[in-house]
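Engineer: Residue 411 in the working numbering is what sits at position 81 of the sequence shown, and the numbering runs on without skipping anything.
Glycine residues also receive a C-beta, built at the ideal position from the N, C-alpha and C atoms.
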Amino acid sequence: MHDLLISFQILSLMEHFDLLPFGHEKIGSLSESAKRRLIICTYLLSDPLILLFDDPTKDLDALSNYQLIYSLNCYMKRCHRIALISLRCPRSDIYQLMSRITILFYGEVMYSGQTKYMLSYFRQIGFPCPSNENPAVYYLSLATIDRETSQRYRESQDQAIKLVNLFMVSSERDFRNCP
């Protein structure tokens, strides 16, 4: 019975991560995208409550990038699990799949909260996202030091520190207002 349950779990993961067509392939012959999904499935076999990923979509094409994050997102919702994912340059379609987002500046929190509130938060503090701009990339760029000139270095650093301080103040205010 135990073997049957494991087989069902494997087939379910393979179906969910679109790996069934590769069931009889050697791992070496799989595409990079399929290999990444397979690696994630092997981790999911142990049914962890929390998963940590460091840029799992690095060097994947746009479609593979979306397929991986979409499959992972669906799995996490279906199984009530948590995934912490670091992304260096999240595309707009990937950004929309995230339920929460945290932007760090040298380990300090610039924003952390539900993705759907990020735009209004930054707009309220005077940093609206320009139209036709990917919000995740735009706000991530505000957490990046511009090293082009010493003046731009100082300006970008000062701006990022200001955003960290604004978030800290807003978080303290929100915390005090909690019941």
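1. Taking C-alpha atoms, which residue in Pro386, Ser442, Arg482 lies nearest to serine 500?
2. Which residue wins for smallest C-alpha separation from glutamine 397, given the options Ile380, Arg411, Leu368?
3. Exposed or buried, what is leucine 393 when buried is set at 16 or more other beta-carbons lying within 10 Å of its beta-carbon?
4. Find out if the Cβ-Cβ distance for the pair arginine 430, glutamine 444 is shorter than 8 Å.
5. Does the separation of the CB atoms of valine 467 and cysteine 419 fall below 8 Å?
6. Considering only the alpha carbon of each residue, which of Gly437, Cys404, Tyr405, Asp348 lies closest to serine 416?
7. In terms of residue numbering, what span does the beta strand (DSSP E) encompassing glutamate 438 cover?
8. Whole angstroms are fine: how far does the CA of aspartate 423 sit from the CA of threonine 387?
9. Since I believe alanine 364 is in contact with phenylalanine 383 (beta carbons under 8 Å), could you give me their beta-carbon distance rounded to a whole number of angstroms?
10. Nearest CA to the CA of leucine 493: which residue from Asp333, Tyr405, Ile455, Ser450?
11. Any idea what DSSP makes of alanine 364, helix, strand or coil?
12. Going by C-alpha to C-alpha distance, which of Asp389, Tyr405, Gly358, Ser361 sits closest to leucine 381?
13. Per the DSSP calculation, arginine 430 is bridged to which residue(s)?
14. Over what stretch of residues does the alpha helix (DSSP H) that includes aspartate 423 continue unbroken?
Structural biologist: For this structure:
1. Ser442
2. Leu368
3. exposed
4. yes
5. yes
6. Taking only the C-alpha atoms, the option nearest serine 416 is Gly437.
7. 438-444
8. 13 Å
9. Incorrect: roughly 17 Å between the Cβ atoms, too far for contact.
10. The option with the nearest alpha carbon to leucine 493 is Ile455.
11. Taken through DSSP and simplified to helix, strand or coil, alanine 364 comes out as helix.
12. Cα-wise, what sits closest to leucine 381 is Tyr405.
13. Gln444
14. 422-425
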